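Quick notes on the structure that follows.
Numbering (UniProt numbering), first residue to last: 1 to 93.
See the structure below:
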């Protein structure tokens, strides 16, 4: 018989994940959340927005990279800085 896992005993910041793409380091976000953040940034520039997965947007909000207000989801200044740092690290600009 499998013992149930008590997630209240887990250290903060750790979670059980089902998909390998969500297993990233502490300073990274999932691929889906990164795509959502790029879409939100594009919305600021162009006004166009593709559909954003709510779970990805919530992940961004949990990390302080996006917020939801009267105008919908928007990247925070930390979110925009994250995009800039990540692009610099990968040689894209």
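Beta carbons are placed, not taken as given, at the ideal position from N, Cα and C, and that holds for glycine. Note that the coordinates shown come from a computational prediction; the quantities given were computed from them, not determined experimentally.
Span of the alpha helix (DSSP H), counted from its first residue to its last, around residue i
| i | result |
| --- | --- |
| residue 61 | 54–62 |
| residue 28 | Unbroken run through residue 28: none, as it is neither H nor E. |
Residue range of the unbroken beta strand (DSSP E) whose run includes residue i
| i | result |
| --- | --- |
| residue 70 | Per DSSP, residue 70 belongs to no beta strand (DSSP E) and is neither H nor E. |
Exposed unless 16 or more other CB atoms sit within 10 angstroms - verdict on residue i
| i | result |
| --- | --- |
| residue 54 | exposed |
| residue 56 | buried |
Option nearest residue i by Cα separation, candidates the options
| i | options | result |
| --- | --- | --- |
| residue 40 | 84, 85, 86, 75 | 75 |
| residue 73 | 81, 84, 33 | 33 |
| residue 31 | 43, 44, 59, 81 | 59 |
| residue 44 | 80, 84, 86 | 80 |
query = If you pair each beta-carbon of the stretch 42–49 with each one of the stretch 59–67, do three or more pairs fall below 8 Å?
reply = No, the stretch 42–49 is not in contact with the stretch 59–67.
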